[in-house]
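Chemist: When we follow the numbering used here, the leftmost residue of the sequence shown carries the number 2, and every step to the right adds one.
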Amino acid sequence: TRALADDPFAIPLWRLLADAHHHLNAPAEALTALDRAQALTPLSDTHTRLAILAERRAIQSEQQQWPAALATLQDELRLAPDDPARLETLADLQAKTNHPQDAQDTLRRLTARPNARAAAWLARARFALAAHDARDAQTALDAAARLIPNAATDPALTALRTQLDELLRPIPRDRFPQRLTDLGFSARQERDVAYILPPLCPVAAGPFLMGSDKRRDPQAYDNEQPQHSVTLPAYQIARFPVTVAEYACFVRAGHSEPGDWPAQLGRLDHPVVSVSWHDAVAYAAWLAQQTGQPWRLPSEAEWEKAARGTDGRLYPWGNTFDASRANTRESGKRATTPVGAYPTGASPYSAQDLAGNVWEWTTTIFKPYPYRQNDGREDLKSTENRVLRGGSWGDDARVARAAYRDRGRRGVLLGDLGFRLAVAPARAGS
2 TRALADDPFA IPLWRLLADA HHHLNAPAEA LTALDRAQAL TPLSDTHTRL AILAERRAIQ
62 SEQQQWPAAL ATLQDELRLA PDDPARLETL ADLQAKTNHP QDAQDTLRRL TARPNARAAA
122 WLARARFALA AHDARDAQTA LDAAARLIPN AATDPALTAL RTQLDELLRP IPRDRFPQRL
182 TDLGFSARQE RDVAYILPPL CPVAAGPFLM GSDKRRDPQA YDNEQPQHSV TLPAYQIARF
242 PVTVAEYACF VRAGHSEPGD WPAQLGRLDH PVVSVSWHDA VAYAAWLAQQ TGQPWRLPSE
302 AEWEKAARGT DGRLYPWGNT FDASRANTRE SGKRATTPVG AYPTGASPYS AQDLAGNVWE
362 WTTTIFKPYP YRQNDGREDL KSTENRVLRG GSWGDDARVA RAAYRDRGRR GVLLGDLGFR
422 LAVAPARAGS
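Here's what the structure looks like:
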């Protein structure tokens, strides 16, 4: 301090003072001294400016001031944009500031370089494992192994491979409730990827009455009319909505977690919720890839036939609402219930939970009736709103009718949006 009084423009002395404050556990004073040193350093002296910024970042990181450390590092990268060590640190700080996707993007850009270091590949593997992306983790670890001498005994590589092995293990018994086994679900594993198959209900080919006739159902809305006959080929529909346990396999394979995921994992036999239309379509495609079976979402027509049969009944069980047969607002549950909790509410094809519990996505674009499969409403590439069916635990009996239809924006994520699967070689026709 006395030396700086004699020479206040001595940059090395300001850095030395900052180091002294740092060792004396006075981080604020240390950062102030570094600010002074930075202000005095010529813009052309990139080497010194980088060194001062690195010293500043080290203090901020030690104090767990992650946003401030990230801002300092970004100043460094403006001076040294291609420094691989700083880019690896960037990913770490992005993760610490709750920007995991930015961190993964940074590591992917870094490892895309021809001279990517083993450390970058290992960092990418760590992030992939944290995101339950087994395939990306395997790719990153294989790349790191090619760059690390004596890779078979490298402790960092070995530890990450152990984590990957844990991720790829078959579903533990406590993660697949016995109750789901009793309901007909089965857990399987193919090519190191675990998945769960739901029980299916066959629906015979033939016509059914779709929509509502206000003479029979005074509660019908205009968009449910006119009631008309639709003929469908044979197909199968899942007996229950997709459960948290089923969807957890998808997340484990690398898909992003839906909202409130930690809480959902405590309800493995409940329908998964906070799932967008895109998520539902992606899950069906993923399961189809794993099994070689043509899993997909049901069309609006397929959903309604499975829910009400061929006689135009109002609810899956008949024409009179019964609160003991469905999880709707009248039941007072005010939350999802385990799938299959209302067996007396089954449809004529034995499908359950088609009234209440969670809204279910279909493939169909929300268009006026009559339903015609070939009029563009089954265009999966369209950005238009899709039909939701079934109502949820928060909706009343009128919404739980089999003919009720609502529209959902494809990217919406709500705590009562779920889906179920269908499987058939052909799409529904009119």
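Each residue gets a CB set at the ideal place from its N, CA and C atoms; glycine is no exception.
(1) Apart from the five residues just before and just after E77, which ones in its own chain have a Cβ nearer than 8 angstroms to its Cβ?
(2) Determine whether the beta carbon atoms of L41 and W15 lie at a separation below 8 angstroms.
(3) Please classify L414: does DSSP put it in a helix, a strand, or coil?
(4) Whole angstroms is fine: what's the gap from A352's alpha carbon to G346's?
(5) Find the nearest neighbour of D270 within the set A336, R147, T244, S393, judged by alpha-carbon distance.
(6) With three or more beta-carbon pairs closer than 8 angstroms as the criterion, would you say the region 322-336 touches the region 282-296?
(7) Can you tell me whether L25 is buried or exposed, with buried defined as 16 or more other CB within 10 angstroms of its CB?
(8) CB P259 to CB V340, shorter than 8 angstroms?
(9) For the region 276-284 and the region 415-422, state whether three or more C-beta atom pairs, one from each stretch, are separated by less than 8 angstroms.
(10) Counting pairs of Cβ atoms below 8 angstroms between the region 66-75 and the region 97-108, do you hit three or more?
(11) Can you give me the C-alpha to C-alpha distance between F128 and A138, rounded to a whole angstrom?
(12) Which class does L266 belong to by DSSP, given the choice of helix, strand or coil?
(13) Looking only at its chain, what residues have a beta carbon closer than 6 angstroms to the beta carbon of Y350, apart from the 5 residues adjacent to it on each side?
(14) Determine, using beta carbons only, whether L111 and A117 come nearer to each other than 8 angstroms.
(15) Please tell me whether A206 and A239 are closer than 8 angstroms, where the distance is taken between their beta carbons.
(16) Considering only DSSP beta bridges, list what V424 is partnered with.
(17) Closer than 8 angstroms is the cut-off here; do at least three beta carbon pairs connect the region 367-378 with the region 222-233?
(18) With R408 and L389 assumed to form a contact (beta carbons below 8 angstroms), what rounded beta-carbon distance in angstroms separates them?
(19) Could you tell me the alpha carbon to alpha carbon distance between Y284 and E30, rounded to whole angstroms?
(20) Just tell me which of T365, P200, V400, T107 has its CA closest to the CA of T384.
(21) From D218, S300, G185, pick the residue whose C-alpha is nearest to that of V231; which is it?
(22) Check for me: the beta strand (DSSP E) holding P203 runs from which residue to which?
(23) Give the DSSP-derived three-state secondary structure of Y316 in the structure shown.
(24) To the nearest angstrom, how far is it from the Cα of R428 to the Cα of W262?
(25) Please report the straight-line C-alpha distance between G377 and W122, rounded to a whole angstrom.
(26) Please return the same chain residues whose Cβ sits closer than 6 angstroms to the Cβ of Y343, not counting the five positions on each side in sequence.
(27) By the 10 Å Cβ neighbour count, where 16 or more other Cβ atoms means buried, how is G391 classified, buried or exposed?
Modeler: In this structure, then:
(1) As a position in the sequence shown, residue 77 is number 76, starting the count at 1. Here the set comprises L51, L54, A55, R58, D84, R87.
(2) Residue numbering aside, residue 41 sits at position 40 when the sequence shown is read from its first letter. Residue numbering aside, residue 15 sits at position 14 when the sequence shown is read from its first letter. Yes; because the gap between Cβ atoms is below 8 angstroms, this pair is in contact.
(3) The residue you call residue 414 lines up with position 413 of the sequence shown. Reduced to three states, the DSSP call for L414 is coil.
(4) For the purposes of this step, residue 352 is taken as residue 351 along the sequence shown, with counting starting at 1. For the purposes of this step, residue 346 is taken as residue 345 along the sequence shown, with counting starting at 1. Distance between the alpha carbons of A352 and G346 is about 9 angstroms.
(5) If you number the sequence shown from 1, residue 270 lands on position 269. Comparing Cα-Cα distances from D270 to each of A336, R147, T244, S393, the minimum goes to T244.
(6) With the cut-off at 8 angstroms, the region 322-336 and the region 282-296 do not touch.
(7) Within the sequence shown, the letter at position 24 stands for residue 25. Exposed, because fewer than 16 other Cβ atoms sit within 10 Å of the Cβ of L25.
(8) Residue numbering aside, residue 259 sits at position 258 when the sequence shown is read from its first letter. Residue numbering aside, residue 340 sits at position 339 when the sequence shown is read from its first letter. No, the Cβ-Cβ distance between P259 and V340 is not below 8 angstroms.
(9) yes
(10) yes
(11) In the sequence shown, the residue the question calls residue 128 occupies position 127. In the sequence shown, the residue the question calls residue 138 occupies position 137. Cα to Cα, the separation comes out at about 8 angstroms.
(12) Position 265 of the sequence shown holds residue 266. Reduced to three states, the DSSP call for L266 is coil.
(13) Position 349 of the sequence shown holds residue 350. C202, V204, A307, listed in sequence order.
(14) Here residue 111 corresponds to residue number 110 of the sequence shown, with the count starting at 1. Here residue 117 corresponds to residue number 116 of the sequence shown, with the count starting at 1. Contact flag set, yes.
(15) Here residue 206 corresponds to residue number 205 of the sequence shown, with the count starting at 1. Here residue 239 corresponds to residue number 238 of the sequence shown, with the count starting at 1. For A206 and A239, no; Cβs fall outside 8 angstroms.
(16) Residue mapping note: residue 424 aligns to position 423 of the sequence shown, counting from 1. V424 pairs with Q237, W296.
(17) yes
(18) The count along the sequence shown starts at 1 and reaches residue 408 at position 407. The count along the sequence shown starts at 1 and reaches residue 389 at position 388. Contact flag correct, Cβ pair sits at about 7 angstroms.
(19) By 1-based counting over the sequence shown, the position of residue 284 is 283. By 1-based counting over the sequence shown, the position of residue 30 is 29. When rounded, the distance between both Cα atoms is 54 angstroms.
(20) Indexing the sequence shown from 1 puts residue 384 at position 383. For T384, the nearest C-alpha among the options comes from T365.
(21) Sequence index remark: in the sequence shown, residue 231 carries index 230 (1-based). Selected option, being the one with the closest Cα: S300.
(22) As a first step, residue 203 is located in the sequence shown; it is residue number 202 there, counting from the start. P203 -> beta strand (DSSP E) spans 201-204.
(23) Looking up residue 316 in the sequence shown gives position 315. Looking at Y316 - three-state DSSP - the assignment turns out to be strand.
(24) Counting from one through the sequence shown, the residue named residue 428 turns up at place 427. Counting from one through the sequence shown, the residue named residue 262 turns up at place 261. The predicted position of R428 is uncertain, since its pLDDT is 44 and thus under 50; no value can be drawn from it.
(25) The sequence position of residue 377 within the sequence shown is 376, counting from 1. The sequence position of residue 122 within the sequence shown is 121, counting from 1. When rounded, the distance between both Cα atoms is 45 angstroms.
(26) Position 342 of the sequence shown, counted from the start, is the residue given in the question as residue 343. Contacts found: R326, A327.
(27) Residue numbering aside, residue 391 sits at position 390 when the sequence shown is read from its first letter. By the 10 Å Cβ count, G391 comes out buried.
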